[in-house]
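Presented below is the structure to which this report refers.
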Amino acid sequence: MIISRTLGHPVEKSPKMSSSYRGRAFDRQQRILHHVRSEGRAVVSEIADLFAISPATLRRDLRTLEAQRLIVRSYGAFYPTDIGRHETPVIHRRKARTEERLAIAEAAVSLMADVETVFLDEGALPEDLVAPMGKLQRLTVVTRSLTVAAELGRQTDHDVIVVGGRLRPTTMGTVDRWATDMLAELNVDLAIMGANGVSLERGLTTPDPAVAQAKAAAMVAARQSALLCEHTRFGVTAFAKFADVSELTWIVTGTRLSRTTAQRYSAEGPRVLRV
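Each residue of the sequence shown is one higher than the one before, starting from 0 at the first, in numbering that gives the first Met the number 0.
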């Protein structure tokens, strides 16, 4: 509000275009938030280029979204605080790859050195394993992900078994009774799993109950299991639980997860590899 005085009397004047400015700022912030949620993460330079925003305006928008607890900054990137409720579409996963994800993938491939059968979950991190798996001896790979199956067939000579079921276009993974029934008939040496959230209290979680059922069936089919998880997923809880932390053999994550937090998770049973 602006107060001016005319003949000694205060007169209220509304700032010109203040409501329209607030409206534009809100719309812009919602677009930024949608982008961060869709991509799973975003860096400042990328947002500025995408929306043609000045550095000063962008800083204000990001501070506003942080103050509303809609995004959080970590190591120079921004992540949605409700990351466990949103699934990153397949089309965004490859360009969202980070050094942390690639390091996790390399470490996870080393776990396959002495196995013959592997289950690869749907999700960003399991998809990152495809290229480094090309150096392994021939394996039998079971997957619910059509993306993983297609890339394995194109880049490696592994035997690939695709689990049937209803296809979810967002993730290109199969679910429902056909998927769980098929997994119940299989026995694999190692299951490589992904999750939208992992916490000591609520376990491994994902937004969709149908996905949770399929993930749980894969865990049961496996002799050992490894969760691949970026540091931003710890302490996050999504809607549907599919396993307890204690059911895991390994957790493979980045060094951005603190040693203290890693020790708390390893106390539940799994070996935590920070890479």
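Idealized CB from N, CA, C, for every residue including glycine. Being a predicted model, the structure only gives us computed values, none of them experimental.
Q. Which partner residues does proline 79 have in the DSSP bridge list?
A. As a working mapping, residue 79 is identified with position 80 in the sequence shown. Per DSSP, Ile70.
Q) Rounded to the nearest angstrom, how far is the Cβ of valine 235 from that of serine 198, given a contact under 8 Å? A) Reading the sequence shown from its first residue, position 236 is the one you call residue 235. Reading the sequence shown from its first residue, position 199 is the one you call residue 198. With a Cβ gap of about 7 Å, valine 235 and serine 198 count as contacting.
Q.
Along the chain, where does the beta strand (DSSP E) containing lysine 214 start, and where does it finish?
A. Your numbering for residue 214 matches position 215 in the sequence shown. Lysine 214 -> not in any beta strand (DSSP E); alpha helix (DSSP H) instead, spanning 208 to 220.
Q: Could you tell me which residues DSSP pairs with valine 235 in its beta bridges?
A: The residue given as residue 235 occupies position 236 in the sequence shown. Valine 235 is not bridged to any residue.
Q | alpha helix (DSSP H) segment containing leucine 124, residue limits | A | Sequence index remark: in the sequence shown, residue 124 carries index 125 (1-based). That run of the alpha helix (DSSP H) goes 123 to 127.
Q | 8 Å CB neighbourhood of leucine 32 in its chain, flanking five on each side removed | A | Indexing the sequence shown from 1 puts residue 32 at position 33. Only Leu64, Leu69, Ile70 and Pro79 meet the Cβ criterion.
Q.
Less than 8 Å between C-beta atoms, sequence neighbours within five positions excluded: which residues of the same chain meet that for aspartate 188?
A. One-based indexing of the sequence shown puts residue 188 at position 189. Closer than 8 Å at Cβ, skipping near neighbours: Val114, Glu115, Thr116, Val117, Ala221, Arg222 and Gln223.
Q. Is the beta carbon of threonine 248 sitting closer than 8 Å to the one on alanine 217?
A. Your numbering for residue 248 matches position 249 in the sequence shown. Your numbering for residue 217 matches position 218 in the sequence shown. In this structure, alanine 217 does not lie closer than 8 Å to threonine 248 by Cβ.
(Q) So for methionine 132, helix, strand or coil by DSSP? (A) Taking the sequence shown and counting its residues from 1, one reaches residue 132 at position 133. The answer is helix: DSSP assigns methionine 132 an H, G or I state.
Q | Unbroken alpha helix (DSSP H) run spanning serine 148, endpoints | A | As a working note, residue 148 is residue 149 in the sequence shown. One detail in the question is off: residue 148 reads as alanine in this sequence, not serine. Taken as a continuous stretch (DSSP letters only), the alpha helix (DSSP H) holding alanine 148 covers 145 to 154.
(Q) At the level of alpha carbons, what is the spacing between serine 257 and glutamine 154? (A) As a working mapping, residue 257 is identified with position 258 in the sequence shown. As a working mapping, residue 154 is identified with position 155 in the sequence shown. Near 35 Å, if we compare the C-alpha coordinates of glutamine 154 and serine 257.
Q. Would you call asparagine 186 buried or exposed, if buried means 16 or more other Cβ atoms sit within 10 Å of its Cβ?
A. Residue numbering aside, residue 186 sits at position 187 when the sequence shown is read from its first letter. Exposed, since its Cβ has fewer than 16 Cβ neighbours within 10 Å.
Q. Beta carbon of alanine 51, beta carbon of valine 274: below 8 Å?
A. Along the sequence shown, one-based indexing puts residue 51 at 52. Along the sequence shown, one-based indexing puts residue 274 at 275. Contact flag unset, no.
**Q.** Cα-Cα separation, arginine 255 to serine 44
**A.** Position 256 of the sequence shown holds residue 255. Position 45 of the sequence shown holds residue 44. Rounded to the nearest angstrom, the two C-alpha atoms are 21 Å apart.
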